[in-house]
Structure formats: structure tokens, C-alpha cells
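J.: Per my numbering, the very first residue in the sequence shown carries number 63; after that it's consecutive.
Before anything else, here's the structure in question.
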Amino acid sequence: MKQDYKEYEEKIKMNDNLKFDAERGETRTYEAAGKKITCRAYLGIVYCERPADPVQKLNIFVPEVYDRGGMISGYTKLTAPIFVPNTVGGYLPGPAEEPGLNIRTGMPNSVFAALEHGCVVVSGGVRGRTSGMKSTEFFEGGKVDDTGQDNGKMVGKAPALIVDMKAVIRYIRHNRGLIPGNTERIITSGTSAGGALSALAGATGNSRDYVPYLKEIGAADERDDVFAANCYCPIHNLENSDSAYEWQFGGIRDYCRTRHKKTEHGIVRIQEDGTMTDRQMELSGKLQKLFPAYLNSLKLKDENGNSLNLDENGEGSFLEYIKGEILKSAGRELAFHETANHLSGLSAPGSAVNTFPALKILGERVVGLDWKAYMKEITRMKPAPAFDATDLKSPENEEFGSMDMEARHFSEFSMEYTETEAEMAPEQLIRMLNPTKYIGKADTAKHWRIRHGSFDRDTSFAIPVILALLLKNKGYDVDFLLPWGLPHSGDYDLQELFTWIDTICR
């Protein structure tokens with residue numbers, strides 16, 4: 063259902079600033095992990111007429127071999143997929159990136175890997191919750207070497223990040239035929255909040271909800287749907303994430319989290335161990351009881367058409383489905399040892415599949431999982447409520463703030479139990495940051511790849527599983543996996559990612 067954007071009451075008139083200048087690029091060679099890639103690089107392109115923040119620029123990279131009529135992985139200058147990664151983490155600003163080393167994985171970053179595989183890459187900078195001021199925070203998925211700029215205005219609150227990503231996609235389509243690559247094969251990618259951004263881009267294609275915001279920044283009058291979305295551990299569906307988290311971790315009082323801070327000496331890890339107060343345990347119990355009603359309202363079905371539900375105690379076929387996905391992951395690791403052999407530096411301590419105490423293994427098969435023991439082993443990361451904090455001090459509270467208000471609530475529960483003077487974010491705004499609300503109701507991407515580590519504690523397993531099931535139930539192509547032993551992370555399987563891209567593009 064492609065919406066006809068010629069029906070707009072007002073047209074955005076493009077000026078030369080939004081026309082791609084193929085002559086301004088330069089040939090560059092980038093190195094990472096002993097590899098080299100030569101490309102045409104176009105850096106610092108402003109992608110909208112009225113940017114609100116300096117971060118709203120994009121970089122374009124084209125494999126140099128295409129200028130000589132060559133091919134990579136079977137692609138040419140005209141047929142190459144356009145890979146659009148983002149560097150958003152913790153809903154912070156995500157600046158445009160260049161090919162290089164991913165210091166968290168020790169491997170070439172996704173921009174480098176995409177070019178090596180023959181993709182055209184467009185890395186767009188997008189606003190975040192701290193846009194307009196400097197920040198020393200760092201979250202998984204974010205760009206390490208950026209601290210933001212102080213311009214005295216909070217211009218990056220919701221829905222700025224998805225508005226900017228849509229403006230990037232519109233810029234690409236506005237310049238079809240000028241920017242190399244196939245504009246019908248645009249593929250987004252991101253990790254954590256960046257994974258949520260990729261999911262939003264995938265789910266909300268051409269939705270009119272975002273048009274006023276796109277007009278405000280002077281985005282191109284074009285389509286903004288994408289062909290596919292790759293999402294690593296997406297932190298999304300925020301208004302239901304607190305109840306999902308307590309459904310999974312309810313009853314566990316101790317928590318363990320690691321905060322990160324940017325310093326002149328690099329990223330500093332700050333370990334924070336704690337025990338939930340009686341008040342937090344009370345809230346946990348109340349939230350835990352809310353989740354089954356939400357889950358059941360979705361009317362999810364498994365691949366065989368069986369209904370997935372929960373009873374009032376949180377037990378039922380949906381829980382068994384998630385346990386089955388974890389068992390599948392453990393069985394794959396037992397057979398192939400992919401994490402142990404290739405990602406041991408990223409895996410969670412104590413996650414060796416052969417000796418993990420919550421699993422039951424008979425011979426060469428994983429045959430059982432003790433759910434409660436599993437939760438105690440991986441431990442909870444956040445006190446209740448995990449996302450919509452009653453003191454308004456979570457990153458997500460800041461994301462739903464405004465230019466005049468640093469933070470707001472986004473769930474009725476936390477608004478009811480707030481510990482401070484607070485306001486509720488508008489319902490429409492909350493909806494616009496939830497990709498599950500748009501699946502099948504906008505021009506949703508046909509193809510999805512979702513990865514969420516089986517030791518990821520940043521959000522409940524239920525959140526990515528719900529996203530995958532809603533997409534499958536609507537007939538979309540979904541490649542879903544809970545990779546064994548991995549915590550909250552992304553870009554750890556880029557070879558598999560680009561193999562998947564080849565599969566869907568051909």
C-alpha cells in the first residue's frame with residue numbers, strides 16, 4: 063500500500079542543497095583489522111533543508127571498483143543494496159560514521175564490512191535525547207568518539223531520531239540515479255536503541271504520522287519505506303517493557319549493571335550492584351501481574367498456528383515458546399560452538415553451554431531448561447520499573463521529554479506511582495516510537511533480521527519475541543535468533559548478516 067506523496071497539501075520545494083553532487087567525493091582507502099577497502103567517500107552532506115542540529119549530516123561510501131564497471135558479490139553500481147546503519151545507543155545522538163574498527167568486537171565495523179561485500183553505504187547522523195548539549199554517557203550501539211555539541215536547545219527528543227532516519231532515506235530516494243545503488247533495496251541496521259530505530263524505519267514506512275515533523279526540518283518529498291531491517295537487541299515497545307521485564311525477572315531482588323562513561327582516556331566501565339527496596343519489590347509485583355493481559359491482547363500464534371497465551375500467573379504457551387527458542391539456541395551452540403569458537407571475547411562469563419547449570423543435556427542434545435534457575439544465573443540488570451523510572455531518571459524518560467521539559471513518563475503505571483512532579487508524554491508521541499503499532503498499518507519492510515543475545519538482560523526476551531511474532535503473523539519474512547551466551551551487543555555476526563542480505567536481494 064504505497065501512499066501517494068503527491069497528495070500532500072503542501073509540497074516541500076527542494077533546493078540545490080538536497081541534490082547529491084557526485085563530483086564532490088574523494089577516493090579514500092580505509093584500514094581495519096589488517097584489511098583495506100578503497101571507496102569513493104562523500105562526507106558531511108546535510109540531508110534536510112532546515113537542520114535543527116549539526117549532527118544531521120550523512121556520509122556516503124561507494125566501492126571504488128564500481129567506478130571501473132566492476133562487480134562485488136555479484137552486485138554492480140546500479141544493483142548494489144544500500145546499507146543504512148546507525149550509531150544510536152541509549153537514545154543518545156548517533157553521528158554519521160566512517161569505515162573503521164569496531165573497538166567493542168575488535169573486528170571491522172559494519173560500514174567497512176558492507177563496503178567489502180559490495181554494498182553502497184549511507185551512514186546518517188540522527189538526533190537523540192541529549193542533542194543540544196554535551197554528554198559523557200555511552201551505551202551499546204553508540205559511537206565511541208563523540209560527545210555532542212552544546213547549542214542551548216533540547217532538539218532531539220522523540221520522535222526526532224526516527225524523523226531524521228526517514229529524512230536520510232528520503233534524501234537517498236530524492237537522488238535516485240545520482241547516488242549509486244538500488245533505492246528499492248535499502249536496508250537499515252542498528253543495535254540497542256539503534257536496533258529500535260532500525261525497527262521503526264522498517265515498520266513505519268510512509269506513515270503520515272511523521273509528516274509534520276519531516277516538513278519542519280525540510281526533508282525531501284519522497285517515500286521513506288525500506289526493503290529490510292536488521293535489528294540487534296532492539297530496545298523498543300517501551301510502554302510495555304516494564305511489565306515484560308518483571309514478568310521475566312520478578313522475584314529476583316538483586317541486580318547488577320554496568321554503566322559506561324566517555325572520558326579523555328576512553329570508555330570507563332562503572333559497576334553498580336544493588337538490591338531492590340521493599341517499595342521497588344512491591345512495584346515489581348504489580349507490574350508482573352499486568353503483563354499477561356497485554357500479551358494475550360496481541361493474539362499471537364506460533365509457526366503452526368497455535369495460540370500463544372499466558373495465565374494470570376504468567377505461565378503458559380508463550381513462556382514455553384520462549385523457552386523453546388532458548389533451547390534451540392543452546393542446541394545450536396552445543397552442536398557448532400559458534401560463540402565459544404568465534405565470539406568468546408564477547409560472551410557472558412559462565413555461559414559455556416556444556417556446563418551451564420540451568421540446562422539439561424543428554425548426550426549431544428539439550429533437552430531441558432529450568433526457567434527460574436536460568437533467570438538467576440543471568441541475573442536482572444535493572445530495578446523496577448526498569449524503563450519508565452518513577453523518579454524520571456532513566457534514559458527513556460529523557461527520550462520522551464520535550465524542548466522545555468527534560469523528562470516525562472510514558473506509561474500509565476509509572477505516572478500513577480511517580481515520585482516527583484511529572485507529566486505524561488502525549489499518547490501519539492509514545493505510539494510513534496513503538497514499531498509494533500505500525501506493523502501492517504504502514505508500508506512495513508518485507509524482510510527482517512532480529513538478533514537478541516540469550517544472556518541479554520537489558521530488556522525482557524518477550525520484547526524481541528513479540529516483535530518477531532507480530533511480523534510473522536502478518537506474513538512478513540523474519541529471521542530470528544537468540545544467539546547463545548551473548549549479552550546486550552551487536553555487529554558480532556556481520557558475515558552472516560551480509561549473507562542474509564544476499565539471500566533477500568537476489
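C-beta atoms are modelled at their ideal positions from N, C-alpha and C, and glycine is treated no differently.
Flag this pair as touching only if the region 218 to 233 and the region 487 to 496 have three or more C-beta atom pairs under 8 Å; answer yes or no.
T.: yes
J.: Relative to the C-alpha of Gly264, which residue among Glu468, Arg511, Ala158 is closest?
T.: Against the sequence shown, residue 264 aligns to sequence position 202. Selection Glu468, Arg511, Ala158 evaluated against Gly264 yields Arg511 as nearest (Cα-Cα).
J.: In angstroms with no decimal places, state the Cα-to-Cα distance between Tyr153 and Gly256.
T.: By 1-based counting over the sequence shown, the position of residue 153 is 91. By 1-based counting over the sequence shown, the position of residue 256 is 194. Each residue's CA atom was taken as its position, placing Tyr153 and Gly256 some 7 Å apart.
J.: Need the endpoints of the beta strand (DSSP E) that Thr565 sits in, please.
T.: Here residue 565 refers to the residue found at position 503 of the sequence shown. Element bounds for Thr565: not the beta strand (DSSP E) but the alpha helix (DSSP H), 556 to 567.
J.: What residue does the beta strand (DSSP E) around Ser185 start on, and which one ends it?
T.: Along the sequence shown, read from residue 1 onward, the residue named residue 185 stands at position 123. 182 to 186 is the span of the beta strand (DSSP E), which, as asked, contains Ser185.
J.: In this structure, does DSSP put Pro411 in helix, strand or coil?
T.: As a working note, residue 411 is residue 349 in the sequence shown. Here Pro411 sits in coil by DSSP.
J.: Between which two residues does the alpha helix (DSSP H) harbouring Asp304 extend?
T.: Within the sequence shown, the letter at position 242 stands for residue 304. Taken as a continuous stretch (DSSP letters only), the alpha helix (DSSP H) holding Asp304 covers 303 to 311.
J.: Exposed or buried, what is Asn302 when buried is set at 16 or more other beta-carbons lying within 10 Å of its beta-carbon?
T.: Working through the sequence shown from its first residue, we reach residue 302 at position 240. Buried, since its Cβ has 16 or more Cβ neighbours within 10 Å.
J.: Check whether the Cβ atoms of Val124 and Gly187 lie closer than 9 Å to each other.
T.: Counting from 1 along the sequence shown, the entry for residue 124 is found at position 62. Counting from 1 along the sequence shown, the entry for residue 187 is found at position 125. For Val124 and Gly187, no; Cβs fall outside 9 Å.
J.: Ile384 and Val527: beta carbons closer than 9 Å?
T.: Here residue 384 corresponds to residue number 322 of the sequence shown, with the count starting at 1. Here residue 527 corresponds to residue number 465 of the sequence shown, with the count starting at 1. Yes. Within cutoff.
J.: Could you tell me the alpha carbon to alpha carbon distance between Ser409 and Thr138, rounded to whole angstroms?
T.: By one-based count along the sequence shown, residue 409 stands at place 347. By one-based count along the sequence shown, residue 138 stands at place 76. The straight-line gap from Cα to Cα measures roughly 37 Å.
J.: Evaluate Asp466 with the Cβ neighbour count: other Cβ atoms within 10 Å of its Cβ, from every protein chain shown; 16 or more gives buried, anything less gives exposed.
T.: In the sequence shown, residue 466 corresponds to position 404, counting from 1. When all chains shown are included, Asp466 counts as exposed.
J.: DSSP beta-bridge partners for Asn121?
T.: Within the sequence shown, the letter at position 59 stands for residue 121. Per DSSP, Ser185.
J.: Which partner residues does Lys351 have in the DSSP bridge list?
T.: Indexing the sequence shown from 1 puts residue 351 at position 289. None; Lys351 has no bridge partner.
J.: With a threshold of 8 Å, are at least 3 pairs of Cβ atoms found where one atom belongs to the region 507 to 523 and the other to the region 279 to 293?
T.: yes
J.: For Arg321, which residues in the same chain have their Cβ closer than 7 Å to its Cβ, ignoring the five residues on either side in sequence?
T.: Mapped onto the sequence shown, residue 321 falls at position 259. The answer, listed in chain order, is Ile332, Glu334.
J.: Within 10 Å of its beta-carbon, does Arg86 have 16 or more other beta-carbons around it, so buried, or fewer, so exposed?
T.: For the purposes of this step, residue 86 is identified with residue 24 of the sequence shown, where counting begins at 1. That one is exposed.
J.: Could you give the DSSP three-state label for Leu140: helix, strand or coil?
T.: To locate residue 140, count along the sequence shown from 1; it is residue 78. Coil at Leu140, not helix or strand.
J.: Compute the Euclidean distance between the alpha carbons of Thr480 and Ala420, then round it to the nearest angstrom.
T.: In the sequence shown, counting from the first residue as 1, residue 480 sits at position 418. In the sequence shown, counting from the first residue as 1, residue 420 sits at position 358. If I take the Cα positions, the gap works out to 37 Å.
J.: What does the alpha-carbon distance come out to for the pair Thr401 and Pro445?
T.: The count along the sequence shown starts at 1 and reaches residue 401 at position 339. The count along the sequence shown starts at 1 and reaches residue 445 at position 383. Thr401 and Pro445: Cα-Cα distance of roughly 29 Å.
J.: Along the beta strand (DSSP E) that carries Val150, what are the first and last residues, could you check?
T.: Translated into the one-based positions of the sequence shown, residue 150 becomes position 88. Looking at the DSSP string, Val150 is not in any beta strand (DSSP E), and its letter there is neither H nor E.
J.: Hey, Met227 and Gly194: beta-carbon distance below 9 Å or not?
T.: The count along the sequence shown starts at 1 and reaches residue 227 at position 165. The count along the sequence shown starts at 1 and reaches residue 194 at position 132. Not a contact, by the Cβ cut-off of 9 Å.
J.: Is the CB-CB distance between Arg519 and His471 below 9 Å?
T.: Locating residue 519 in the sequence shown gives position 457, counting from the first residue. Locating residue 471 in the sequence shown gives position 409, counting from the first residue. No, the pair does not count as a contact, with Cβ atoms beyond the cut-off.
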